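Residue numbers 1 to 388, in UniProt numbering, belong to the letters of the sequence shown in order.
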Amino acid sequence: MFLEKTVERNKELVQAAFKLHKEGLILPDTYVIDLDTLVENARKIKEEADKYGIKLYFMTKQIGRNPVISKEFMKLGYDGAVVVDFKEAEVMIDNNIKIGHVGHLVQIPKSLVEKVVKSKPDYITVYTIEKAKEINEACERLGLKQNIMLRVLGENDNLYSGQYGGFKLEELKEIGRELLKLKNLNIAGIASFPCFLYDEASNEIRRTKNIDTIKEAKAILEKEFDIKIEQLNMPSATCVNSIKKISEEGGTHGEPGHGLTGTTPYHKENEAEEIPAMVYVTEVSHNLLDKGYCYGGGHYRRSHVENALVGESIENYKMVKVTPPTDESIDYHFELSENCNVSDTVVMAFRTQIFVTRSNVALVKGINKGEPEIVGVYDSQGVEIKIK
1 MFLEKTVERN KELVQAAFKL HKEGLILPDT YVIDLDTLVE NARKIKEEAD
51 KYGIKLYFMT KQIGRNPVIS KEFMKLGYDG AVVVDFKEAE VMIDNNIKIG
101 HVGHLVQIPK SLVEKVVKSK PDYITVYTIE KAKEINEACE RLGLKQNIML
151 RVLGENDNLY SGQYGGFKLE ELKEIGRELL KLKNLNIAGI ASFPCFLYDE
201 ASNEIRRTKN IDTIKEAKAI LEKEFDIKIE QLNMPSATCV NSIKKISEEG
251 GTHGEPGHGL TGTTPYHKEN EAEEIPAMVY VTEVSHNLLD KGYCYGGGHY
301 RRSHVENALV GESIENYKMV KVTPPTDESI DYHFELSENC NVSDTVVMAF
351 RTQIFVTRSN VALVKGINKG EPEIVGVYDS QGVEIKIK
């Protein structure tokens with residue numbers, strides 16, 4: 001999906017990927033992240049956000065919940081991490097990285113509520129009264145107050161399978177009355193997802209109906225209960241191009257994820273401010289009949305993978321078509337459209353979510369200077385792997 005754009009805009013990354021694999025410094029099924037370019041992308045997004053008064057929480061699930069990267073973002077002045085689930089929350093807590101937002105899209109399980117509350121996140125998103133009560137009880141035990149955001153649902157909102165949940169607008173008054181009884185919680189924000197999506201027809205990042213729902217929820221709560229909603233969280237497709245749109249819609253916070261690596265659908269079709277900063281590296285395993293096969297492990301069902309570079313270097317490769325495994329199959333291998341030399345390097349660039357793979361992640365600095373140096377190798381959950 002992003003291969004041609006990556007070769008065009010970050011050829012040095014592709015060359016480094018070939019080099020590191022050929023020298024045996026990385027294994028097949030490794031995502032190589034250009035750390036310098038990634039941090040520069042993050043800086044550009046932060047600079048644009050500062051211009052419009054937008055606060056940013058960084059999302060790291062798609063790059064493997066990496067604590068080293070997270071600390072680089074914190075140095076730039078990001079307001080903390082947005083953690084998509086409780087396992088990601090534990091990674092950040094255990095690495096002393098500030099959590100800005102937790103609970104959206106996945107609520108905190110009961111046994112971890114106290115640990116998360118103790119870490120003092122800026123906001124916890126809730127979408128059940130029961131979970132709010134658990135958080136309130138933890139706050140009482142710890143002597144803390146906690147800002148919460150409500151995840152809200154409107155009739156025509158965009159929702160993805162596996163992500164259903166939220167308070168309906170029509171029940172918000174009743175919900176508000178119940179939540180206000182919980183004296184250690186402060187209703188201070190509204191969240192929904194996705195608030196922006198790339199529109200292929202117009203080649204633009206456009207608002208979704210979810211934004212209308214957020215605004216209506218804010219109006220209901222402020223009018224009915226005389227409270228101040230401080231945060232209107234408008235995630236999805238957060239990048240330099242969409243920051244102004246968040247501001248124009250009255251949003252207060254964005255949550256860049258794929259924008260940080262230059263891998264949103266918008267980045268495929270445009271010369272965006274962010275430069276592609278990640279490739280997937282593997283190796284030809286074998287041939288069968290007229291097809292080649294390379295090691296898998298990093299497949300993501302929505303990857304839109306199309307092509308791969310197969311060879312020895314950026315000067316000596318061939319581009320082949322890639323057929324990923326079917327959704328009901330394990331990704332032991334990717335199929336290549338023709339026979340290839342066994343053990344040759346394979347480089348791809350596609351949309352991924354590393355946290356749902358079994359891949360390694362190699363952080364590499366010095367790529368744009370032609371001096372690639374591995375900072376560290378990690379698993380898909382951000383745990384460092386000791387390389388012998």
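Ideal Cβ placement from N, Cα and C applies to all residues, glycine included. All values reported here derive from a predicted model rather than from experimental measurement.
His258 has no beta-bridge partner at all, per DSSP.
Secondary structure note for Asn307: its beta strand (DSSP E) is the uninterrupted segment 307-313. Taking C-beta separations shorter than 6 Å and ignoring five residues to either side along the sequence, the partners of Asp29 in its chain run Thr282, Tyr295, Gly297, Gly298, Ser359, following chain order. Boundaries for Asn147: no alpha helix (DSSP H) harbours it, while the beta strand (DSSP E) harbouring it runs 146-153, taken from the DSSP string. Listed as beta-bridge partners of Met234 by DSSP are no residues whatsoever. In the structure shown, the three-state DSSP call for Ala272 is coil. If the five residues before and after Val240 are omitted, its C-beta is found closer than 6 Å to the C-beta atoms of Lys44, Ile45, Glu48, Glu273, all from its own chain and listed in chain order. The beta carbons of Ile93 and Val126 sit about 19 Å from each other, so the pair does not count as a contact at 8 Å.
Annotation for Pro265: Tyr198 place their beta carbon closer than 7 Å to its own, counting only its chain and skipping 5 residues before and after.
Annotation for Ser247: the continuous alpha helix (DSSP H) segment containing it runs 240-248. The region 71-89 makes contact with the region 53-61, as at least three CB pairs between them are under 8 Å. The C-beta distance from Ala277 to Leu38 rounds to 4 Å, short enough to fall under 8 Å. The secondary-structure analysis by DSSP pairs Thr282 across a beta bridge with Val346.
Distance between Tyr300 and Ile229, taken at the CA atoms: about 37 Å.
Counting of Cβ neighbours within 10 angstroms places Gln163 among the exposed residues, the total staying below 16. By the Cβ criterion, the region 327-343 is not in contact with the region 251-264, since fewer than three pairs of Cβ atoms, one from each stretch, lie closer than 8 Å. DSSP links Gly292 through a beta bridge to Asn287, Leu336. Here Gly366 is not near Val68, since their CB atoms are 8 Å or more apart.
For His101, the enclosing beta strand (DSSP E) has its first and last residue at 99-102. Excluding its 5 nearest sequence neighbours in each direction, Leu105 has C-beta neighbours in its own chain below 7 Å: Val84, Gln163, Phe193, listed in chain order. About 13 Å separates the CB atoms of Asp34 and Asn66; that is not less than 8 Å, and the two are not in contact. In the three-state reduction of the DSSP assignment, Asn316 falls in the strand class.
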